[in-house]
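What follows is a single structure, written as structure tokens, with notes after it.
In the numbering used here, the protein residues as written are 1 to 403.
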């Protein structure tokens with residue numbers, strides 16, 4: 001056994017022996033990254049078109065993020081929420097501005113998307129009354145794995161091992177008809193993802209958010225939009241709900257706003273900002289100076305470099321590039337901006353992910369007939385060309401076996 005193969009065996013054995021068995025054995029040990037590229041422990045280079053599942057907005061080792069984290073951790077990393085910090089205040093102001101929450105908006109900082117959705121669940125409960133008891137979520141939705149967020153997740157196979165769930169949540173189809181049939185004066189809140197990433201990058205039907213807003217407003221229910229995967233410019237707008245022109249009561253954000261540093265937030269609009277009062281929720285780490293300084297740097301760079309526009313333009317470029325491949329395994333592309341789902345004609349997504357890795361490309365299979373693309377927002381012509389070549393090769397490999 002060579003020294004390299006022995007080292008590879010060592011990390012695989014260490015992973016299998018020491019980590020909880022909640023994930024599959026990883027195929028690679030990644031050691032460094034730069035821009036849209038990462039390297040493994042054997043020195044192989046990979047084009048990263050997953051970005052840590054829509055997290056690494058600026059790619060890897062971006063100078064702005066490196067500078068912000070380095071300077072902040074050398075100054076003040078954590079103080080708890082017994083005290084305020086300048087980065088926290090600056091980020092709250094920035095998020096409210098980018099979300100368009102207005103002067104009545106408020107921010108609660110957390111450490112992840114699931115924590116942001118836990119806070120949103122509490123917000124929904126605060127809108128309940130003796131007659132307004134129901135919380136609605138969508139079938140196929142994914143809102144997280146902690147118990148409250150899991151109760152909102154419309155995937156029975158994820159909930160069943162941990163039942164009984166937190167009560168009060170009902171699941172409806174993602175259709176206008178289901179909205180009309182279910183939203184009435186007994187509903188306290190409706191949770192929605194503008195694009196269901198874990199369901200295969202599936203967008204809501206045309207007019208869904210607009211009708212949801214009208215119905216929830218008419219019946220006194222909250223409209224809470226989960227922007228954990230779609231926010232921070234990924235879909236070609238700062239937040240996906242902004243395409244519709246509506247204003248929700250709250251949104252949850254995480255992933256891309258930190259560029260790789262863990263952070264999440266609940267952002268409220270208008271009267272919903274008054275529902276959570278002192279003592280209703282809390283966090284030790286949420287909104288600490290280190291995480292908020294990182295997020296400020298990430299969002300400032302996205303804004304200064306027009307990466308929201310780049311996401312929109314590169315998304316269209318990628319759609320065209322995939323069409324030119326002409327693979328019989330591909331039937332179309334869903335999603336928006338740089339959150340795309342390549343729809344497959346056969347249930348071979350896992351095989352394509354494995355073949356792509358062999359060709360130096362990292363993509364993801366949220367289900368058996370979809371390939372998810374969520375590259376860094378910084379990609380340009382070179383990365384699109386590299387992706388097209390490598391993805392075409394992966395498809396060709398799988399075509400040869402599937403034929």
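Cβ atoms here follow ideal geometry from the backbone N, Cα and C, with glycine treated the same way.
Below 8 Å, can you find three or more Cβ-Cβ pairs linking the segment 89 to 96 to the segment 307 to 315?
-> no
In its own chain, which residues sit with a C-beta less than 7 Å from the C-beta of residue 112, not counting the 5 before and 5 after it?
-> Within the chain shown, the letter at position 112 stands for residue 112. Closer than 7 Å at the Cβ level, and outside the excluded window around residue 112, lie 254, 262, 264.
Determine the extent of the alpha helix (DSSP H) in which residue 156 is found, giving its start and end residues.
-> In the chain shown, the residue the question calls residue 156 occupies position 156. Residues 156 to 159.
Is the beta carbon of residue 117 less than 8 Å from the beta carbon of residue 78?
-> Your numbering for residue 117 matches position 117 in the chain shown. Your numbering for residue 78 matches position 78 in the chain shown. For residue 117 and residue 78, no; Cβs fall outside 8 Å.
Mind checking who residue 223 pairs with in its DSSP beta bridge?
-> Sequence index remark: in the chain shown, residue 223 carries index 223 (1-based). Paired residue(s): 190.
Residues that residue 46 bridges to, as DSSP identifies them | To locate residue 46, count along the chain shown from 1; it is residue 46. Answer by DSSP bridge pairing, in chain order: 38.
Could you check what DSSP says for residue 23 in three-state terms: helix, strand or coil?
-> The sequence position of residue 23 within the chain shown is 23, counting from 1. Correct three-state label for residue 23: coil.
Which parts of the segment 123 to 167 are runs of the alpha helix (DSSP H), unbroken and 4 residues or longer, counting only runs that do not cross its ends?
-> 147 to 151, 156 to 159
Tell me, please, whether the segment 41 to 50 touches the segment 359 to 372 by the rule of three or more beta-carbon pairs shorter than 8 Å.
-> yes
Beta-carbon spacing of residue 353, residue 364 below 8 Å = Start at 1 with the first residue of the chain shown, and residue 353 comes out as number 353. Start at 1 with the first residue of the chain shown, and residue 364 comes out as number 364. Yes; because the gap between Cβ atoms is below 8 Å, this pair is in contact.
Just mark residue 44 as buried or exposed, buried being the case when its beta carbon has 16 or more other beta carbons within 10 Å.
-> Counting from 1 along the chain shown, the entry for residue 44 is found at position 44. The residue in question, residue 44, is exposed, as its Cβ has fewer than 16 Cβ neighbours within 10 Å.
Which residue spans inside the segment 242 to 305 form an unbroken beta strand (DSSP E) run of at least 3?
-> 250 to 253, 264 to 268
Label residue 194 either buried or exposed according to how many other C-beta atoms from any shown protein chain fall within 10 Å of its C-beta, with 16 as the threshold for buried.
-> Translated into the one-based positions of the chain shown, residue 194 becomes position 194. It is buried - the Cβ of residue 194 has at least 16 other Cβ atoms within 10 Å.
Residue 285 to residue 345 span [Cα, whole Å] = Here residue 285 corresponds to residue number 285 of the chain shown, with the count starting at 1. Here residue 345 corresponds to residue number 345 of the chain shown, with the count starting at 1. When rounded, the distance between both Cα atoms is 45 Å.
Tell me whether residue 340 sits in a helix, a strand or coil according to DSSP, three-state version.
-> Along the chain shown, read from residue 1 onward, the residue named residue 340 stands at position 340. Note: residue 340 maps to strand in three-state DSSP.
Given a threshold of 16 other Cβ atoms within 10 Å of its Cβ, counted over all protein chains shown, does residue 25 qualify as buried or as exposed?
-> Numbered from 1 along the chain shown, position 25 holds the residue referred to as residue 25. Exposed, because fewer than 16 other Cβ atoms sit within 10 Å of the Cβ of residue 25.
Closer than 6 Å by C-beta to residue 172: which residues in its own chain qualify, once you throw out the five before and the five after it? Chain order, please.
-> Within the chain shown, the letter at position 172 stands for residue 172. Only 136, 178, 182 meet the Cβ criterion.
Mind checking residue 289: buried by the 16 CB within 10 Å criterion, or exposed?
-> The count along the chain shown starts at 1 and reaches residue 289 at position 289. So residue 289 counts as buried.
Quick one: is residue 154 buried, meaning 16 or more other Cβ sit within 10 Å of its Cβ, or exposed?
-> Here residue 154 is taken as the residue at index 154 of the chain shown, counted from 1. Buried, since its Cβ has 16 or more Cβ neighbours within 10 Å.
Any chance the CB of residue 132 is under 7 Å from a heavy atom of the ligand SAH?
-> The ligand SAH is absent from the structure shown, which contains no ligand whatsoever.
For residue 205, which three-state DSSP category applies?
-> Sequence index remark: in the chain shown, residue 205 carries index 205 (1-based). The answer is coil: DSSP assigns residue 205 none of H, G, I, E or B.
Along the alpha helix (DSSP H) that carries residue 400, what are the first and last residues, could you check?
-> Taking the chain shown and counting its residues from 1, one reaches residue 400 at position 400. From DSSP, the alpha helix (DSSP H) with residue 400 extends over 381 to 402.
So what's residue 170 in DSSP terms, helix, strand or just coil?
-> Numbered from its first residue, the chain shown carries residue 170 at position 170. Residue 170 falls in the strand class under three-state DSSP.
Since residue 76 is in the beta strand (DSSP E), which residue starts that stretch and which ends it?
-> What you label residue 76 is simply residue 76 of the chain shown in a count that begins at 1. Here residue 76 belongs to no beta strand (DSSP E), and DSSP marks it neither H nor E.
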